[in-house]
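The structure appears below as structure tokens.
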Amino acid sequence: MSARDPKFPGLGQRLVLAMPFLWLVLFFLLPFALVAKVSLSQSVLGQPPYQPVFDWHGLSDFLGKLRQFSADAYVGLTQDPIYLQSYVDSVLIAGIATIITLLIAYPFALAIARAPRRWRIVLLLFAIAPFWTSFLIRIYAWILLLKDEGLINNALIVLHIIREPLHIFATNGAVVIGIVYSYLPFMILPLYAALDRQDKALAEAAADLGATPWGVFKRITLPLSMPGVIAGVLMVFIPAVGEFVIPDLLGGSETLMIGSTMWNEFFANRDWPTASAAAIVLLVLLVGPLALYEHWQMRSEARG
Amino acid sequence: MKARLTSTKAMQGSVLALGFAFLYLPIVLVILYSFNASRLVTVWGGFSTRWYGELFANDQLMQSALISLEVALAAGILATLIGTCAAVALVRFGRFRGRTLFASMIYAPLVMPEVIIGLALLLLFVSLGLERGLVTVVVAHATLGLCYVAIIVRARLIDCDPALEEAALDLGATRFRAFMLITLPLIAPAIAGGFLLAATLSLDDLVIASFTTGPGATTLPMRIYSAVRLGVTPQINAMSTLLLAAVACGLGLAALALRRRAP
Numbered sequence: 001m002s003a004r005d006p007k008f009p010g011l012g013q014r015l016v017l018a019m020p021f022l023w024l025v026l027f028f029l030l031p032f033a034l035v036a037k038v039s040l041s042q043s044v045l046g047q048p049p050y051q052p053v054f055d056w057h058g059l060s061d062f063l064g065k066l067r068q069f070s071a072d073a074y075v076g077l078t079q080d081p082i083y084l085q086s087y088v089d090s091v092l093i094a095g096i097a098t099i100i101t102l103l104i105a106y107p108f109a110l111a112i113a114r115a116p117r118r119w120r121i122v123l124l125l126f127a128i129a130p131f132w133t134s135f136l137i138r139i140y141a142w143i144l145l146l147k148d149e150g151l152i153n154n155a156l157i158v159l160h161i162i163r164e165p166l167h168i169f170a171t172n173g174a175v176v177i178g179i180v181y182s183y184l185p186f187m188i189l190p191l192y193a194a195l196d197r198q199d200k201a202l203a204e205a206a207a208d209l210g211a212t213p214w215g216v217f218k219r220i221t222l223p224l225s226m227p228g229v230i231a232g233v234l235m236v237f238i239p240a241v242g243e244f245v246i247p248d249l250l251g252g253s254e255t256l257m258i259g260s261t262m263w264n265e266f267f268a269n270r271d272w273p274t275a276s277a278a279a280i281v282l283l284v285l286l287v288g289p290l291a292l293y294e295h296w297q298m299r300s301e302a303r304g
Numbered sequence: 305m306k307a308r309l310t311s312t313k314a315m316q317g318s319v320l321a322l323g324f325a326f327l328y329l330p331i332v333l334v335i336l337y338s339f340n341a342s343r344l345v346t347v348w349g350g351f352s353t354r355w356y357g358e359l360f361a362n363d364q365l366m367q368s369a370l371i372s373l374e375v376a377l378a379a380g381i382l383a384t385l386i387g388t389c390a391a392v393a394l395v396r397f398g399r400f401r402g403r404t405l406f407a408s409m410i411y412a413p414l415v416m417p418e419v420i421i422g423l424a425l426l427l428l429f430v431s432l433g434l435e436r437g438l439v440t441v442v443v444a445h446a447t448l449g450l451c452y453v454a455i456i457v458r459a460r461l462i463d464c465d466p467a468l469e470e471a472a473l474d475l476g477a478t479r480f481r482a483f484m485l486i487t488l489p490l491i492a493p494a495i496a497g498g499f500l501l502a503a504t505l506s507l508d509d510l511v512i513a514s515f516t517t518g519p520g521a522t523t524l525p526m527r528i529y530s531a532v533r534l535g536v537t538p539q540i541n542a543m544s545t546l547l548l549a550a551v552a553c554g555l556g557l558a559a560l561a562l563r564r565r566a567p
């Protein structure tokens, strides 16, 4: 009987829990401790290009090492105006892109959720299918479209709408378009889930009582879908702040996003402590949204 | 009332049409231009399949495609095994100690910026003294993939009645046998879907692979990325079309499988 008592888990059960738990501790949690550690060490040339702080050789040695902790990398971040600019621009670009994504995804998700029942799943599948196709290729497609001699400019010139090509490619605007396009499925999914769950009788009752369609939307549909809005916004905003591929391929020299700045610090300058410090600051910046996202996930999990 | 209903229907239709156009036009254009005879990417020079021929003659690219497939298969299998265990633990083990930490570690990688995950894993591999290459990329991709598998399988597992498994236990089956015979077939479509998603993510990943790979294990996205940085070429269009076709086939098969198994 003890095998069925949850208080006395069997060996198999322990294993089922231990395997993913230990894997995630080793390959997800521990690495962040290492980033923090490296960010506090001093940059040296060579492989690995940092001076280790934590190799364990007894307590006295550890206390000695503690004094070697160096805030150099963090000080460097504050002195280099590129970093401050990168953080500000990343949050701004990701923020604007998130709002536009929401404005496009909301009517789209609503139209899917209000479609005839047998069509809904098919429409939803087609709306999120692009998420399964290569991210890199979808960004690449926008290079084809946005370049000065690209398809949008060609079409507009042929149609005599413009004479000179519009300079969209290699600007922050192109980065925003890229983020909106690639993250749209992440916004549609939670919005659809929230809208589909709504009891239609509520909206009908409000309409019967004389509410205008806009009134119904504003007072019934929108407030009831807020959990979906919050989830979607977080799922787009958090990864978009640290985005690397989109600013790198669609942005120009004016584009400073922290993901690419970090990438360059790491791969081009080979300054691991500074890259690590930049990552830690980015994490601190995202702690609020991340905590909110985790809280929302736990709550929706508790609801089942 | 009738007029309002029709106008709502019309608005709904146009929203859907615009939305799908925005999602699919860029992809369709890439496919179209992969059959363009002209070397200039934005000028139509007639129908041709020459870029596909050049693509298959590009040994470097083909080799990277093979590496990416190997990594995706290995990472997908690992992620499916561990992720399914994680889902079972989340749904069936009640409120064990450390559950909040466990669940946070499963949800966090889904939104964590890839540059941070890549950098963190690289520092881990360096401090463990592991040589970077195929193995490290597989481990990195499996870690991300297992979180997606866990969430997909968890959603399905919640709908499975634990009474079914308990009945098998009462009839004398061991816990393991009951799981294999009762629950596993019920969640099999979700496990298959999770595997496909984990493998697709691995095939597609540029950032984490760039941090965690070493010489000799250049994945396909890394090759495509460096080609795109140098400029747009028709060969990439052809490559993209083939990848899109592969994904479309996979999605179609997955949809068929889910339809057949779903109650």
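Protein chains in written order, with this note's numbering: chain A, 1 to 304; chain B, 305 to 567.
Note that beta-carbon positions come from the ideal geometry of N, C-alpha and C, so glycine has one too.
Just so you know, these numbers come straight off a predicted model, no measurement behind them.
Query raised in the report: Which class does F429/B belong to by DSSP, given the choice of helix, strand or coil?
Result: helix
**Report entry** Inter-residue spacing [alpha-carbon to alpha-carbon] between L250/A and M366/B
**Finding:** Those two C-alpha atoms are separated by around 26 Å.
Query - Residue interval of the alpha helix (DSSP H) (run including L195/A) - result: 172 to 197
Query raised in the report: Skipping 5 residues on each side, what residues in its chain have a beta carbon closer than 7 Å to that of S86/A?
Result: L256, M257, I258, T261
Query raised in the report: For F351/B, which beta-bridge partners are listed by DSSP?
Result: Per DSSP, N340/B.
Requested in this report: Let me know the secondary structure DSSP gives M257/A once reduced to three states.
Outcome: coil
Query raised in the report: Which term fits Y529/B, buried or exposed, when burial requires 16 or more other beta carbons within 10 angstroms of its beta carbon?
Result: buried
Query raised in the report: For V415/B versus P239/A, is the C-beta distance shorter than 7 Å?
Result: yes
Query - Backbone CA spacing between K37/A and V430/B [nearest angstrom] - result: 13 Å
Query - Own chain residues within Cβ distance below 6 Å of A412/B, not counting five before or after - result: Result list for A412/B: empty, nothing under 6 Å.
Query - Between the CA atoms of V122/A and V332/B - distance to the nearest angstrom - result: 19 Å
Requested in this report: Determine the chain A residues that contact F324/B at a beta-carbon separation under 7 Å, and present them in chain order.
Outcome: F126
Query raised in the report: In the structure shown, what three-state DSSP assignment does C464/B receive?
Result: The answer is coil: DSSP assigns C464/B none of H, G, I, E or B.
Query raised in the report: How should D199/A be labelled, buried or exposed, when 16 other C-beta atoms within 10 angstroms of its C-beta is the threshold for buried?
Result: exposed
Query raised in the report: Which residue from G437/B, L329/B, K313/B puts its Cα closest to that of R144/A?
Result: Residue identity differs from the one stated: residue 144/A is Leu in this sequence, not Arg. Comparing Cα-Cα distances from L144/A to each of G437/B, L329/B, K313/B, the minimum goes to L329/B.
Query raised in the report: Under a three-way DSSP split, which group does P417/B fall into?
Result: Correct three-state label for P417/B: coil.
Query - T487/B versus G449/B - alpha carbon distance - result: T487/B and G449/B have their C-alpha atoms spaced approximately 22 Å apart.
Query raised in the report: Who are the near neighbours of A127/A in its chain, counting only those whose CB is closer than 6 Å to its CB and skipping five residues on each side?
Result: I188
Query raised in the report: Given that a residue counts as buried once 16 or more other Cβ atoms are within 10 Å of its Cβ, and exposed if not, what is R299/A?
Result: For R299/A, the number of other beta carbons within 10 angstroms of its own is below 16, and it is reported as exposed.
Query raised in the report: Taking the alpha-carbon positions, what's the G46/A to F131/A distance?
Result: For G46/A, the predicted structure reports a pLDDT of 46, less than 50, and the residue's modelled location is therefore unreliable. A value from the coordinates is still provided. C-alpha of G46/A to C-alpha of F131/A: approximately 40 Å in a straight line.
Requested in this report: Could you confirm whether any beta carbon from chain B is found closer than 7 Å to the beta carbon of F217/A?
Outcome: no
Query raised in the report: Got a sec, what are the start and stop residues for the alpha helix (DSSP H) G437/B sits in?
Result: Segment: none, G437/B is in no alpha helix (DSSP H) and carries neither H nor E.
Query - Close beta carbons around L510/B, own chain, < 7 Å, minus the five adjacent residues each side - result: So the qualifying residues of the chain are P525, M526, Y529.
Query raised in the report: Looking at C-beta atoms only, is the number of pairs between the stretch 433 to 441 of chain B and the stretch 458 to 468 of chain B that lie closer than 8 Å three or more?
Result: no
Query raised in the report: Interface residues of chain B around W214/A at Cβ under 7 Å?
Result: Result: empty, since nearest Cβ-Cβ is about 12 Å, beyond 7 Å.
Query raised in the report: Roughly how many angstroms lie between the CA atoms of G497/B and A211/A, to the nearest whole one?
Result: 43 Å
Report task. Could you round the C-beta distance between G232/A and A105/A to whole angstroms and report it? I think they count as a contact, below 8 Å. Result -> 7 Å
Query raised in the report: Going by Cα to Cα distance, which pick from I152/A, I162/A, P185/A is closest to F169/A?
Result: I152/A
Query raised in the report: By the 10 Å Cβ neighbour count, where 16 or more other Cβ atoms means buried, how is V75/A classified, buried or exposed?
Result: exposed
Query raised in the report: Which class does S134/A belong to by DSSP, given the choice of helix, strand or coil?
Result: coil
Query raised in the report: Under a Cβ-count criterion, where at least 16 other Cβ atoms within 10 Å of its own Cβ denotes burial, should V334/B be classed as buried or exposed?
Result: buried
Query raised in the report: Which residue spans inside the stretch 391 to 415 of chain B form an unbroken alpha helix (DSSP H) run of at least 4?
Result: 403 to 415
**Report entry** Close Cβ partners of I35/A (< 7 Å) along its chain, the five nearest in sequence each way excluded
**Finding:** Rather than Ile, the amino acid found at residue 35/A in this sequence is Val. Closer than 7 Å at the Cβ level, and outside the excluded window around V35/A, lie S276, A279, I280.
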